[in-house]
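Just so you know, the sequences run in chain order A and B. At position 372 of the first sequence the residue is numbered 372 (this note's numbering), and the sequence of numbers has no breaks. At position 478 of the second sequence the residue is numbered 901 (this note's numbering), and the sequence of numbers has no breaks.
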Amino acid sequence: MTVRIVDRRQDSRNKSSINRSRFILRFKGQIRKAVADAIAKRGIRDLQSGEKIGIPGKDISEPQFRHGKGGVRESVHPGNDRFQSGDQMDRPPSGNQGPGSGQASPDGEGLDDFVFTLTRDEFLDIFFDELALPNLVKRQLARIDEFKRVRAGYTQSGVPTNINLVRTMRGAAGRRVAVGGPYATRLRALQAELEGALDEMPADAAEVERLQREIAVLKARHEAIPFIDPFDLRYSNRIRIPQPSTQAVMFCVMDVSGSMDENRKQMAKRFFMLLYLFLNRNYEHIEVVFIRHHTVAEEVDEEDFFHSRETGGTIVSSALKLMHQVISARYGSSVWNIYCAQASDGDNWNDDSPQCRNLLAESILPLVQYYAYIEITDGEPQNLWHEYERLTTSHAGVFAMQHIAEVSDIYPVFRELFRKRLV
Amino acid sequence: MSKKKSRLIAEGSDWTVEAIARYDDEIGRIANDYGLDCYRHQLEVITAEQMMDAYAAIGMPVYYHHWSFGKHFLETENRYKRGQMGLAYEIVINSDPCIAYLMEENTLTMQALVIAHAAYGHNSFFKGNHMFKQWTSADAIIDYLVFARNYIAECEERHGVDAVEQLIDACHALSNLGVDRYKRSPPLSLEKEKTRQREREAYLQAQVNDLWRTLPRHDAPFAEAEEKRFPLEPEENLLYFVEKNAPLLEPWQREIVRITRKIGQYFYPQRQTQVMNEGWACFWHYTLLNTLYDEGKVDDGFMLEFLQSHTNVVYQPPYSSKWYSGINPYALGFAMWQDIRRICERPDAEDREWFPDIAGADWRETFDFAMRNFKDESFIAQYLSPRLMREFRLFSVLDDDSQAKLKVDAIHDEPGYRALRRNLAEQYNLGSSDPNIQVWNVDLRGDRSLTLRHFAHQRRPLSPASLTVLEHMASLWGFNVRLEHQRPDGEWTLLAERKTERRKQSAG
Numbered sequence: 001m002t003v004r005i006v007d008r009r010q011d012s013r014n015k016s017s018i019n020r021s022r023f024i025l026r027f028k029g030q031i032r033k034a035v036a037d038a039i040a041k042r043g044i045r046d047l048q049s050g051e052k053i054g055i056p057g058k059d060i061s062e063p064q065f066r067h068g069k070g071g072v073r074e075s076v077h078p079g080n081d082r083f084q085s086g087d088q089m090d091r092p093p094s095g096n097q098g099p100g101s102g103q104a105s106p107d108g109e110g111l112d113d114f115v116f117t118l119t120r121d122e123f124l125d126i127f128f129d130e131l132a133l134p135n136l137v138k139r140q141l142a143r144i145d146e147f148k149r150v151r152a153g154y155t156q157s158g159v160p161t162n163i164n165l166v167r168t169m170r171g172a173a174g175r176r177v178a179v180g181g182p183y184a185t186r187l188r189a190l191q192a193e194l195e196g197a198l199d200e201m202p203a204d205a206a207e208v209e210r211l212q213r214e215i216a217v218l219k220a221r222h223e224a225i226p227f228i229d230p231f232d233l234r235y236s237n238r239i240r241i242p243q244p245s246t247q248a249v250m251f252c253v254m255d256v257s258g259s260m261d262e263n264r265k266q267m268a269k270r271f272f273m274l275l276y277l278f279l280n281r282n283y284e285h286i287e288v289v290f291i292r293h294h295t296v297a298e299e300v301d302e303e304d305f306f307h308s309r310e311t312g313g314t315i316v317s318s319a320l321k322l323m324h325q326v327i328s329a330r331y332g333s334s335v336w337n338i339y340c341a342q343a344s345d346g347d348n349w350n351d352d353s354p355q356c357r358n359l360l361a362e363s364i365l366p367l368v369q370y371y372a373y374i375e376i377t378d379g380e381p382q383n384l385w386h387e388y389e390r391l392t393t394s395h396a397g398v399f400a401m402q403h404i405a406e407v408s409d410i411y412p413v414f415r416e417l418f419r420k421r422l423v
Numbered sequence: 424m425s426k427k428k429s430r431l432i433a434e435g436s437d438w439t440v441e442a443i444a445r446y447d448d449e450i451g452r453i454a455n456d457y458g459l460d461c462y463r464h465q466l467e468v469i470t471a472e473q474m475m476d477a478y479a480a481i482g483m484p485v486y487y488h489h490w491s492f493g494k495h496f497l498e499t500e501n502r503y504k505r506g507q508m509g510l511a512y513e514i515v516i517n518s519d520p521c522i523a524y525l526m527e528e529n530t531l532t533m534q535a536l537v538i539a540h541a542a543y544g545h546n547s548f549f550k551g552n553h554m555f556k557q558w559t560s561a562d563a564i565i566d567y568l569v570f571a572r573n574y575i576a577e578c579e580e581r582h583g584v585d586a587v588e589q590l591i592d593a594c595h596a597l598s599n600l601g602v603d604r605y606k607r608s609p610p611l612s613l614e615k616e617k618t619r620q621r622e623r624e625a626y627l628q629a630q631v632n633d634l635w636r637t638l639p640r641h642d643a644p645f646a647e648a649e650e651k652r653f654p655l656e657p658e659e660n661l662l663y664f665v666e667k668n669a670p671l672l673e674p675w676q677r678e679i680v681r682i683t684r685k686i687g688q689y690f691y692p693q694r695q696t697q698v699m700n701e702g703w704a705c706f707w708h709y710t711l712l713n714t715l716y717d718e719g720k721v722d723d724g725f726m727l728e729f730l731q732s733h734t735n736v737v738y739q740p741p742y743s744s745k746w747y748s749g750i751n752p753y754a755l756g757f758a759m760w761q762d763i764r765r766i767c768e769r770p771d772a773e774d775r776e777w778f779p780d781i782a783g784a785d786w787r788e789t790f791d792f793a794m795r796n797f798k799d800e801s802f803i804a805q806y807l808s809p810r811l812m813r814e815f816r817l818f819s820v821l822d823d824d825s826q827a828k829l830k831v832d833a834i835h836d837e838p839g840y841r842a843l844r845r846n847l848a849e850q851y852n853l854g855s856s857d858p859n860i861q862v863w864n865v866d867l868r869g870d871r872s873l874t875l876r877h878f879a880h881q882r883r884p885l886s887p888a889s890l891t892v893l894e895h896m897a898s899l900w901g902f903n904v905r906l907e908h909q910r911p912d913g914e915w916t917l918l919a920e921r922k923t924e925r926r927k928q929s930a931g
């Protein structure tokens with residue numbers, strides 16, 4: 001009798017995943033708070049990874065009826081190296097009943113933080129919990145006017161460009177074998193007979209001639225089998241399936257003039273990062289366009305966007321104009337969901353601000369899903385803010401603006417900006 | 424040389440299914456020679472992650488879902504990842520057939536060790552020890568767990584995850600006082616559970632209704648009603664009492680209380696036989712593998728790896744070590760079984776004085792008797808020898824909160840042996856480590872409040888967390904719950920009271 005050995009390694013891998021998600025669900029409040037704290041502290045690129053989360057141990061303890069401290073207790077310990085019967089000693093400071101410092105968790109009611117690691121997905125889920133961009137689903141999506149063509153086997157009719165040669169030729173070869181088979185068999189038999197007749201010493205001329213005639217007829221018939229027949233033709237079939245638009249483009253617009261110091265840029269960067277991560281969860285494909293500006297705007301890559309140093313004054317409208325050009329040139333079609341995020345310290349040439357508002361109201365806002373403006377300053381709002389403020393009423397739901405002073409303000413602001421709308 | 428080599432069961436450290444099967448054959452043959460009586464067993468190869476899953480579910484292959492298991496999983500995973508613990512290389516399930524898990528990361532030597540330890544050591548203990556025989560039904564547990572999981576999943580669908588979770592929370596909080604300690608629980612069986620579950624539902628509800636129907640009979644003589652207590656005898660199994668008598672529970676809630684109670688009962692023997700059981704398994708893996716070595720079936724490399732792991736498991740750090748966290752049940756158990764064998768085979772004068780019955784007796788028979796008929800508490804009280812107390816350098820400390828200082832009242836010397844042994848045995852008495860709380864009374868004719876009474880042992884108070892547990896009790900009972908504290912002299916005081924507004928809620 002040999003033992004039964006079962007290999008379970010391929011079985012249900014995440015047996016505890018339900019329990020794990022129940023746990024996270026139950027302590028969502030505490031976990032969310034821990035996540036918010038973590039965001040305020042951590043660097044930007046870390047957002048792609050999970051997070052170690054600590055929640056208070058007493059919140060998640062599982063209480064039972066137990067004895068507390070006090071009363072009379074005897075406890076037996078090993079390794080006596082100095083005690084004699086009747087020795088007395090002070091209680092260890094922690095209140096443990098045993099001497100020495102051994103018993104770290106006396107009663108199982110650990111009040112230490114319970115620390116565990118959230119996976120990236122769990123982390124982001126909580127991070128983005130309750131958040132949704134307004135008009136998240138483009139109106140066009142409901143109509144579905146994008147189609148994708150996918151292969152769907154073969155048909156016997158179609159246009160010549162879709163002829164599938166391999167399938168067609170394979171079919172033709174098969175047909176030729178099938179139809180020509182009987183002829184070939186008969187031919188071989190006649191050939192053999194003919195050779196037999198020729199080998200006989202006085203050759204029977206009449207018989208030979210009859211056989212030769214018959215062979216000629218059969219050969220003609222065999223060759224008459226068409227090499228290819230309309231019946232053999234096969235066409236690759238393609239069908240159209242509706243394709244919801246799952247791509248978005250995100251414009252990051254930032255003021256890099258002298259008044260934007262490194263600290264403010266870092267704050268702006270976090271904001272862009274959050275927006276990117278959020279879009280990442282809702283769209284399959286996202287393009288990001290970085291536009292930086294001082295008095296002139298230019299499109300740059302991410303590295304330059306965040307790290308190059310510029311000086312000089314500020315003309316915001318230059319960036320808006322460039323953005324409009326890029327949209328019309330590259331993202332004009334209805335398949336793109338367009339999101340814009342603009343970060344600035346609020347400085348602008350005074351007479352440029354009204355122009356910015358007009359540009360936004362007339363040419364940009366009608367094209368985009370959402371336009372978010374954050375002003376990073378610890379002082380009073382400046383003229384750009386006052387101009388933009390007028391847009392919040394006229395374009396409610398598409399345009400939003402917020403004020404940020406500290407790094408820790410970013411998360412609440414982000415939530416405020418993208419709070420799930422009832423609409 | 425070449426002749427000896429050919430006798431090896433397998434070579435190298437990577438395991439294969441064939442090598443494991445060969446080891447199992449050989450170990451099984453030796454175990455049989457020693458007369459170990461085991462359930463059939465089945466070996467299952469699993470990954471580290473699955474091992475952590477199994478940890479979280481207390482080793483059960485199927486279990487219902489609850490957040491606390493998720494918490495345990497995270498805890499284990501975290502400690503494992505930080506390298507604070509190795510996973511125990513084995514988990515074994517008290518079922519028939521007995522299931523032993525082998526972790527895929529283990530080397531071949533470790534797999535052999537696990538087979539000897541779990542599939543023969545623990546397995547024979549499960550089959551032989553009276554606690555397991557009396558309290559658990561190895562042939563039915565898996566079926567019952569399947570029933571429990573499906574039933575609870577169904578309840579979650581019908582009544583919502585939150586409602587079920589709240590109920591299970593309450594049951595878990597009471598689970599250590601939800602076991603029968605003195606009478607045998609009827610065996611579990613899947614078919615019986617299934618067929619009887621429905622009629623039990625109807626019947627129980629009728630019973631409960633009946634109990635409460637007598638309530639408003641105002642014509643009954645008042646004095647007589649005062650005298651009659653319910654329950655007539657205090658009930659120590661709180662969950663059982665709730666299941667049978669809580670007035671407001673729905674039938675499905677009663678069934679879930681019953682399920683958690685039954686599963687808690689299943690684990691009760693394990694809590695009471697840790698030292699014996701682990702020591703037994705360690706003794707047998709040690710003995711079986713050494714016998715293999717003596718027969719030349721395994722080589723020196725195998726033994727070195729095995730001994731390294733074995734000594735880690737049975738190491739007892741002294742009280743002053745920073746790794747000390749109480750007495751290691753593996754160490755104590757292993758040493759005791761080794762010592763019993765020594766007393767049987769090579770007794771000295773002291774042994775003959777202390778253990779006249781077993782000194783010089785047949786060690787296999789002595790083992791069999793001890794394994795079958797004891798639990799930790801009585802096992803230590805019976806078999807802990809003075810020599811072992813000296814080896815462990817045990818000492819006993821008295822902590823009396825009415826005294827300013829701790830007192831060492833017994834050490835490993837002639838006057839101390841008996842007290843030391845008694846104190847250590849008492850340390851493994853669940854009856855005194857779990858607080859003694861019983862259902863004292865139900866105010867049948869008044870506000871239906873439930874009174875629990877805590878009978879203090881050695882003046883030990885309840886921990887502050889008990890108040891939270893009382894809330895769970897109140898949510899199960901549905902009416903007010905009181906917790907009283909009774910001192911040995913019979914005086915009692917009210918510790919806490921939890922009022923429930925649930926009745927109004929359900930009415931409104």
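All C-beta atoms in this analysis are idealised placements derived from N, C-alpha and C, irrespective of residue type, glycine included.
| message | According to DSSP, is residue 372(A) part of a helix, a strand, or is it coil? | response | strand
| In chain B, which residues lie less than 9 Å from residue 61(A) when you measure between Cβ atoms? | 888 and 891
| task | Hey, could you find the ends of the alpha helix (DSSP H) residue 117(A) is sitting in? | result | Careful: residue 117(A) lies outside any alpha helix (DSSP H), inside the beta strand (DSSP E) at 114 to 118.
| query | Can you name, in chain order, every residue of its own chain whose Cβ lies under 6 Å from the Cβ of residue 921(B), other than the five neighbours on each side? | reply | 893, 894, 897 and 904
| said: Taking 8 Å as the threshold (beta carbon to beta carbon), is residue 482(B) in contact with chain A? | reply: no
| Contact check, residue 518(B) vs residue 564(B), beta carbons under 8 Å | yes
| task | Just mark residue 484(B) as buried or exposed, buried being the case when its beta carbon has 16 or more other beta carbons within 10 Å. | result | buried
| request: Pick helix, strand or coil for residue 438(B), following the three-state DSSP scheme. | output: coil
| Using a beta-carbon distance cut-off of less than 7 Å, what residues from the region 751 to 762 of chain B approach chain A? | none
| Taking Cβ positions only, does residue 238(A) come closer than 8 Å to chain B? | Judged by the 8 Å Cβ criterion, residue 238(A) is not in contact with chain B.
| message | Let me check understanding here. Comparing Cα to Cα, which of 901(B), 919(B), 541(B) and 914(B) lies closest to residue 705(B)? | response | 541(B)
| said: Please state the DSSP three-state secondary structure of residue 823(B). | reply: In the displayed model, residue 823(B) falls within a strand according to three-state DSSP.
| task | Specify, as a first and last residue, the run of the beta strand (DSSP E) that residue 921(B) falls within. | result | 915 to 921
| field | Cβ contact check for the region 465 to 473 of chain B and the region 515 to 529 of chain B: 3 or more pairs under 8 Å | value | yes
| Tell me which same chain residues have a C-beta within less than 8 Å of the C-beta of residue 247(A), skipping the five on either side of it? | 283, 284, 285, 286, 287, 335, 336 and 337
| If the cut is a Cβ gap below 9 Å, which residues of chain A does residue 838(B) touch? | Those within 9 Å of residue 838(B) in chain A are 85.
| Quick one: Cα of residue 209(A) to Cα of residue 161(A), how far? | 50 Å
| request: Under 8 Å between beta-carbons, which chain B residues line up against residue 88(A)? List them in chain order, please. | output: 828, 829, 830 and 831
| query | Three-state secondary structure (DSSP) at residue 906(B)? | reply | strand
| request: Measuring only between beta-carbons, confirm whether residue 863(B) sits less than 8 Å from chain A. | output: Taking Cβ atoms only, chain A never reaches closer than 8 Å to residue 863(B), which makes this a no.
| field | Contacting residues, own chain, Cβ-Cβ under 8 Å from residue 207(A) (five flanking each side not counted) | value | 197
| query | With which residues is residue 298(A) paired in a DSSP beta bridge? | reply | 292(A)
| said: Taking 7 Å as the limit between beta carbons, can you name the residues of its chain near residue 460(B), skipping five residues before and five after? | reply: Cβ within range, chain order: 547, 550 and 551.
| query | If you check the beta carbons only, do residue 787(B) and residue 458(B) fall under 8 Å apart? | reply | Going by C-beta atoms, residue 787(B) is nearer than 8 Å to residue 458(B).
| What is the DSSP secondary structure of residue 862(B), counted as helix, strand or coil? | strand
| query | Does the beta-carbon of residue 858(B) have 16 or more other beta-carbons within 10 angstroms, so that it is buried, or is it exposed? | reply | buried
| message | On a Cα-Cα basis, can you pick out the residue from 915(B), 566(B), 862(B) and 569(B) that is closest to residue 655(B)? | response | 862(B)
| task | Can you say whether residue 820(B) is buried or exposed, counting buried as having 16 or more other CB atoms within 10 angstroms of its CB? | result | The residue is buried, with at least 16 neighbouring Cβ atoms inside 10 Å.
| request: Label residue 480(B) either buried or exposed according to how many other C-beta atoms from any shown protein chain fall within 10 Å of its C-beta, with 16 as the threshold for buried. | output: By the neighbour-count definition (other C-beta atoms within 10 Å, threshold 16), residue 480(B) is a buried residue.
| request: Can you tell me which of 471(B), 475(B) and 446(B) puts its alpha carbon nearest to the alpha carbon of residue 20(A)? | output: 475(B)
| task | State the CB to CB distance for the pair residue 595(B) and residue 262(A), rounded to an integer number of angstroms; the pair is presumed to be in contact (CB under 8 Å). | result | Contact doesn't hold; Cβ gap of about 53 Å is too wide.
| field | Where residue 71(A) meets chain B, residues with beta-carbon distance less than 7 Å | value | 824, 881, 882, 883 and 884
| said: Please report the straight-line C-alpha distance between residue 154(A) and residue 180(A), rounded to a whole angstrom. | reply: 26 Å
| task | Taking residue 447(B) as the query, report the chain A residues whose CB atoms sit under 7 Å from its CB, ordered along the chain. | result | 3
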